[in-house]
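For the protein sequence lines, the chains are A and B, in the order given. Every letter in the first sequence is one number past the one before it in the numbering used here, and letter 233, counting from 1, is 233. Every letter in the second sequence is one number past the one before it in the numbering used here, and letter 445, counting from 1, is 768. We put the beta carbon where it would ideally sit given N, CA and C, even for glycine.
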Amino acid sequence: MSNLATAAEVAWTRDTVERLRANMRLTIKGKDEVIEQALICMLASGHLLIEDLPGVGKTTLAYALARSLDCTFSRIQFTSDLLPTDVIGVSIYDDTVKEFIFKPGPVFANIVLADEINRATPKTQSALLEVMDRSKVTVDGEAHSVGQPFMVVATQNPVDYEGTFPLPESQMDRFLMRLPMGYPQPNDELTILRSARLGYDAIAVNPVVTRAEVLQMQALVGKVFIEDSLLDYLLRLITATRTEVEFKAGVSVRGGLALRVAAQARALLHGRDFVLPEDIQFLAGPVLAHRLSLARSTSDAREESRTMLAALHRIIVSLPAPT
Amino acid sequence: MDKSLPPLELNDLRRWKWLLGGLLALISLGTVIFLEVEARGLVGIAAGLIIATLVWPVLPSRVPALIWRGAVPVIILVLIADLYFSPDTLPPLIRLGILLVLYRAVGYRRKREDLQLIVLGLFLVVVAGVLTVALEFAFLLLLFTSCALGLLFVVALIDLTENTQKALTYAEMSCCPAWALGSWPQYFYRLRKIIDWRWLGFAGGLFFCVVIFSAALFIVIPRFEITASFFLDQYITRQNHTGFTEVLKFGEVGALIQDDRVALRVDVMDPAVVGVAPYWRLVALDEYTADGFKVSAELKQELIRSQVVTQQITDQKFESSRVMTEGSWTFYLEPGVSRFLPIPGRYRQLRLREPMPLQSSRSYRLVALRTEAMTMTAFQLAEVELTDKIADPGFSQRLRASEALSIKQREQSRADVSTNLRGPLGSVNAAVLTRINTEITAGAVLSPAEYAQRTIAWLQAHHAYALSVKLPVGDGQDAIVRWLASREPGFCEYFAASFVLLARAANYPARVVAGFHGGIWNGVENYYMVRNSDAHAWAEIYDGAGSWLRMDPTPGLLRVSSSAMPADFRSLPDRSWRARLDSVRVLWYRRIVNFDTRAQVAMVEQVKSFTTDLGSVWLGELAKYPQRLRAWWNRPWDLARVRELSVWIVGITALFGLLLGLRRWGHLPSGWRSVDYDPVRRTAGRWLTQLTMDPDDQLIADLRRLRYGPRETWPVANVVFRRARNARRRGRAR
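Encoded structure:
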């Protein structure tokens, strides 16, 4: 069997994703780019970090994505007194069976919304590390699979630093993408204002894609063809971040792999069975920016993010794409 | 502290323009120095003023407006006066140019005035270039061009800025523009990627064709004298540097001795044939008057009568068995030396570059141009024989015929050679000469050679060599006779003139000859350099048997030379930096001078045969290889051959292995990677850069699939490319 995606598979994926996208657009107004990137992240089996000011729709986006899929969903509101066991679960002694029984935490769901993730202590944050990496939780030496698909959608507020614990770089690296939401366009905001809806429970989204379909699509991503010169381009891009003086450190190997998978997912999303240079260029910002740190750190996270994106953009512009 | 650079202001540009304009004016004035126009004082003053305004740009503002207003009428008046008084037309125009350049260069200028300055400067440069055709001109023109281009650029820049009134702010200055980012290797990599190689190849081919075509034209078209095609040289008369006119005056020679400029360059095969100190004979001065020696009216008439427009003179009686030197001698005579050509001896043929009015005297063995050339004169002598004898078999006869004539008849005669016997008038002079002659000969009747030897000995015993002469005062006596009677030192002209006068008084026909003596071998480019300071005068005495003998009465070896070196030392080749500089000029002359169009034809034929032969030779060589291989294979095999063969095989294998290893280790350039060499992907990539992008278009999708897609899913490449070509034809090109 060929390890390439067939045309039928690609077309099916495209239709399915379109269905999903249309469904999400019912809830999220005027944020097509963010929706697309979230979908890419989902297809690439990655985790998503949404970073912006409070009240611009971070959680709504996560909700909309989770509810559009016929998957289990759970939400963890991170606070400073949240304990790791509150996230991953706990083994408690069951008198009836005379043994410890594992009570799974909220992380045992297909889509986990980690709200305000930077409010939790590093200990709790790092509890997510293993599960994000391997989709498994180890409690008392016993590994428990959280199930497939598994996706963490975390949100954080970049401005308010009081009582927060910035995510360690190791954890940042485990998110496939970091997305800013941004304010909606005036027209879209008017539509939002007109709707009388308040609160997440009022979000009426019907699942349009089954769990099996999600898994099938995620399997297809790996079959998207990426040509040698594009891999070379990707490599040069990664290498350029390592030599750029503005960055303290360049992109890790995991970062390079993440960009490749994300590019493949984007190609699939656009109904292609091969990657284009524009896939890489389009995703370099969301996939790479949060994995980098500036040599001259600034106190303002938004400022830092802007500088980072500008530097990345410069690298992309100066680096000749394969033609 | 503000670290950002101060912005370039309009005033900086204006100041820069001021500097460029001043330099341009100075360069154009500098070209005038090469011209023989009486304008050096003017050029000096103008240059001084321009430099002053360059150094202090506020100076023009100190000049009252009245002067600016009055300048132009004054210049016009000066031009009119100049035209009225000057014999030539061109020098006043050049002086006008200088004045106008000065006027424009020292005043503040706007765009219009700057353009005027460039045009005026160009006038001076072009005039100087046409009249000198010198290498310095090319250099100055180069300088001028760069200056003018810079000036025009700045003018355009200022014009642009003044129209838009837009300048960079400090913030913009400190902000790095996008193009400045990225490294050069990346830039060149990108350049390499975006270059359309077909266009580059096309342009390169076109350029190559143009170069080849120009070279062919340069070879094929007969070279011409640029000055002959211009009218300018009719409007200027030249000064004579060396004084080789038709009159020998007895002035100071200090200035001449200091004149280190090269007057004559001679290309010969071998320095040995020239000898240590050859005599370059220019002109014979056979008539003596109270003013000095001069070319007699008879000789002048003979020259005029002989004038013929020709390219070559051949000596029919030349006996080739007596040829002493092989090959031909090529002479490059600088302008301003003489209209007579320097001839070192007998020759079979004299050839010019082109037919010119040429005068010659067979008996005097002189060759002259009708007028002194404006530029370097080149001529070639074939089969030269250096000799100190000038054959003139008919002289005795002509002398007898002349002496038979009465004075009146002589005046009317066309061939009076008795001037070769006449000395100064007056019995006092004759008495002195006779007294000295008696001293020399002691009453004996001597052969001309013997007499000459004794006279030279007497002269050198009584007179030393010096560059300046204090003539003793005397009344009614001839200057030379006075010098002769004294014991004053003198230079070559005095010795030669005295010798001739003494000989004539003793009834030996004699004459003064002027030319150059000696010179130095240029060891850099292998030619003979004769400087102005090598100018010399000597004498010729008739031997009574059909020949004139060269006699040099000047204390020869002690003659002070320009390089102040002993004569035998001077025979060493000159390899100094000055010689190197001078050899550049000879290289140039060798390039532009051409005596024979046959050489051109031969060159064209060579080029043709080279191109046609090359192909056949290659094919022939290629065809021989299988035969050689077979012959090699059929040779008997022994251990040595097998060993040789195995060494070869091992060597080649090792080389390949090394290359493979290098490639694996990534030491070879990245261009070796196979991805760059997939032709379908490359072609598709090129089409993608050329066509307008419309992702929904099937053609673009197919091209993208060909470029980036998996090979298994490719559409038929040729069909896609044909569609791309059609699309481009329909105007979808970017």
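Just the C-alpha distance for A:T23 and A:V208, rounded to the nearest angstrom, thanks. Walking along the first sequence from the start, residue 23 of chain A turns up at place 23. Walking along the first sequence from the start, residue 208 of chain A turns up at place 208. As written in the sequence, residue 23 of chain A is Asn, which differs from the Thr given in the question. Roughly 7 Å separates the two Cα atoms.
Looking at the unbroken beta strand (DSSP E) that takes in A:E99, where does it start and where does it end? The residue labelled residue 99 of chain A in the question sits at position 99 within the first sequence. Segment E99 to P104, the beta strand (DSSP E) holding A:E99.
Three-state secondary structure (DSSP) at A:G89? Locating residue 89 of chain A in the first sequence gives position 89, counting from the first residue. The answer is strand: DSSP assigns A:G89 an E or B state.
I believe A:V224 touches A:D273 by the beta-carbon criterion, under 8 Å. Please report the beta-carbon distance rounded to the nearest angstrom. Reading the first sequence from its first residue, position 224 is the one you call residue 224 of chain A. Reading the first sequence from its first residue, position 273 is the one you call residue 273 of chain A. The C-beta distance from A:V224 to A:D273 rounds to 6 Å, short enough to meet the 8 Å contact threshold.
Does the Cβ-Cβ distance between A:G256 and A:I238 come in under 8 Å? Translated into positions along the first sequence, residue 256 of chain A becomes position 256. Translated into positions along the first sequence, residue 238 of chain A becomes position 238. Going by C-beta atoms, A:G256 is nearer than 8 Å to A:I238.
Just to confirm the assignment: which complete alpha helix (DSSP H) runs, minimum length 4, are found wholly within the stretch 904 to 987 of chain B? Whole alpha helix (DSSP H) segments, 4+ residues: 920 to 957 and 962 to 987.
Is B:L605 helix, strand or coil by DSSP? Here residue 605 of chain B refers to the residue found at position 282 of the second sequence. The answer is strand: DSSP assigns B:L605 an E or B state.
Identify which residue in B:S351, B:C532, B:V395 and B:I759 has its Cα closest to the Cα of B:V442. Here residue 442 of chain B is taken as the residue at index 119 of the second sequence, counted from 1. When the alpha-carbon of B:V442 is set against those of B:S351, B:C532, B:V395 and B:I759, the nearest one is in B:S351.
Where are the alpha helix (DSSP H) runs, 4 residues long or more, that stay fully inside the stretch 248 to 281 of chain A, in chain order? Whole alpha helix (DSSP H) segments, 4+ residues: 253 to 269.
DSSP on A:L20, reduced to helix/strand/coil? On the first sequence, residue 20 of chain A is found 20 positions in, with the first residue counted as 1. Of the three classes helix, strand and coil, the one that applies to A:L20 here is helix, per DSSP.
At a CB-CB cut-off below 7 Å, which residues of chain B make contact with A:E227? Counting from 1 along the first sequence, the entry for residue 227 of chain A is found at position 227. Listed along the chain, the chain B residues whose CB falls inside 7 Å of the CB of A:E227 are Y1031.
With 8 Å as the threshold, decide whether the Cβ of A:F274 is near any Cβ in chain B. As a working mapping, residue 274 of chain A is identified with position 274 in the first sequence. Taking Cβ atoms only, chain B reaches closer than 8 Å to A:F274, which makes this a yes.
Return the CA-CA distance between B:R913 and B:M852, expressed in angstroms with no decimal places. Your numbering for residue 913 of chain B matches position 590 in the second sequence. Your numbering for residue 852 of chain B matches position 529 in the second sequence. Approximately 14 Å between the Cα atoms of the pair.
What first and last residue would you give for the beta strand (DSSP E) that runs through B:M852? Position 529 of the second sequence, counted from the start, is the residue given in the question as residue 852 of chain B. Membership of B:M852 in the beta strand (DSSP E) is indicated by the continuous run Y850 to R854.
A:K29 in three-state terms, based on DSSP: The sequence position of residue 29 of chain A within the first sequence is 29, counting from 1. Three-state DSSP puts A:K29 in coil, outside helix and strand.
Under a three-way DSSP split, which group does B:G371 fall into? In the second sequence, residue 371 of chain B corresponds to position 48, counting from 1. In this structure, B:G371 counts as helix in the three-state DSSP scheme.
Rounded distance between the beta-carbons of B:N752 and B:D801, thought under 8 Å: Counting from 1 along the second sequence, the entry for residue 801 of chain B is found at position 478. Counting from 1 along the second sequence, the entry for residue 752 of chain B is found at position 429. Beta-carbon to beta-carbon, B:D801 and B:N752 are separated by about 5 Å, close enough to satisfy the 8 Å threshold.
Can you check which of these residues, B:F702, B:L769, B:D582 and B:W603, is closest to B:G867 by C-alpha distance? By one-based count along the second sequence, residue 867 of chain B stands at place 544. Looking at the Cα atoms, B:L769 is the closest of the given residues.
Name the residue from B:P878, B:G797 and B:N855 whose alpha carbon lies nearest to the alpha carbon of B:A819. Here residue 819 of chain B is taken as the residue at index 496 of the second sequence, counted from 1. Taking only the C-alpha atoms, the option nearest B:A819 is B:P878.
For A:I192, which option in A:M42, A:I40 and A:V56 has the closest C-alpha, if you only look at C-alpha atoms? Counted from its first residue, the first sequence places residue 192 of chain A at position 192. It is A:V56.
For a contact meaning CB atoms closer than 8 Å, what does A:T85 contact in chain B? Position 85 of the first sequence holds residue 85 of chain A. Using a Cβ-Cβ cut-off of 8 Å, A:T85 is close to nothing in chain B; its nearest Cβ partner there is about 48 Å away.
Start and end residues, alpha helix (DSSP H) containing B:N752: By one-based count along the second sequence, residue 752 of chain B stands at place 429. In the DSSP annotation of this structure, the continuous segment of the alpha helix (DSSP H) that includes B:N752 starts and ends at S750 to T764.
Quick check on the burial criterion: 16 or more other C-beta atoms within 10 angstroms. Buried or exposed for A:T298? Taking the first sequence and counting its residues from 1, the one referred to as residue 298 of chain A is at position 298. Residue environment analysis places A:T298 among the exposed positions, since fewer than 16 neighbouring C-beta atoms fall within 10 angstroms of its C-beta.
Name the chain B residues that come within less than 8 Å of A:L230, Cβ to Cβ? Here residue 230 of chain A is taken as the residue at index 230 of the first sequence, counted from 1. Those within 8 Å of A:L230 in chain B are Y1031.
Put A:H144 into one of helix, strand or coil per three-state DSSP. Start at 1 with the first residue of the first sequence, and residue 144 of chain A comes out as number 144. Three-state DSSP puts A:H144 in a strand.
Looking only at its own chain, which residues have a Cβ that is under 7 Å from the Cβ of A:A240, when we skip the five neighbours before and after it? Taking the first sequence and counting its residues from 1, one reaches residue 240 of chain A at position 240. So the list reads I315 and L319, once near-sequence residues are dropped.
Environment of B:W956 [buried if 16+ CB atoms lie within 10 Å]: Along the second sequence, read from residue 1 onward, the residue named residue 956 of chain B stands at position 633. Residue environment analysis places B:W956 among the exposed positions, since fewer than 16 neighbouring C-beta atoms fall within 10 angstroms of its C-beta.
For B:F547, collect the residues of the same chain with a Cβ closer than 7 Å to its Cβ; drop the 5 residues on either side in sequence, then sort them by chain order. Working through the second sequence from its first residue, we reach residue 547 of chain B at position 224. With a pLDDT of 48 at B:F547, under the threshold of 50, the predicted position of this residue should be treated as unreliable, though the coordinate-derived value follows. So no residue of the chain qualifies.
Taking CB distances under 8 Å as the criterion, tell me whether A:P320 reaches chain B. Start at 1 with the first residue of the first sequence, and residue 320 of chain A comes out as number 320. Yes, contact with chain B.
Would you mind working out which of A:D232, A:E189, A:L129 and A:P322 sits nearest A:K31, comparing C-alpha positions? Locating residue 31 of chain A in the first sequence gives position 31, where the first residue counts as 1. Taking only the C-alpha atoms, the option nearest A:K31 is A:E189.
Could one say the Cβ of A:T323 lies closer than 8 Å to chain D's Cβ atoms, at least one of them? Of the protein chains in the structure, A and B, none is chain D.
Nearest candidate by alpha-carbon position, reference B:W339, set B:C532, B:G473, B:G364 and B:P1033: Within the second sequence, residue 339 of chain B is the residue found at index 16, counting from 1. Sorting B:C532, B:G473, B:G364 and B:P1033 by C-alpha distance to the C-alpha of B:W339 places B:G473 at the top.
Beta-carbon gap between A:L43 and A:V221 smaller than 8 Å: Along the first sequence, read from residue 1 onward, the residue named residue 43 of chain A stands at position 43. Along the first sequence, read from residue 1 onward, the residue named residue 221 of chain A stands at position 221. The answer is yes: Cβ separation under 8 Å.
With a Cβ-Cβ cutoff of 8 Å, do A:T60 and A:T27 count as a contact? One-based indexing of the first sequence puts residue 60 of chain A at position 60. One-based indexing of the first sequence puts residue 27 of chain A at position 27. A contact, by the Cβ cut-off of 8 Å.
Residues of the stretch 1009 to 1021 of chain B with Cβ closer than 9 Å to any Cβ of chain A, in chain order: Listed by position, the residues of the stretch 1009 to 1021 of chain B near chain A (Cβ gap below 9 Å) are R1009, L1011, T1012 and P1018.
For A:L292, count neighbouring C-beta atoms within 10 Å of its own C-beta (all shown protein chains included) and say buried if the count is 16 or more, exposed if not. Walking along the first sequence from the start, residue 292 of chain A turns up at place 292. Buried is the label assigned to A:L292, since at least 16 other Cβ atoms lie within 10 Å of its Cβ.
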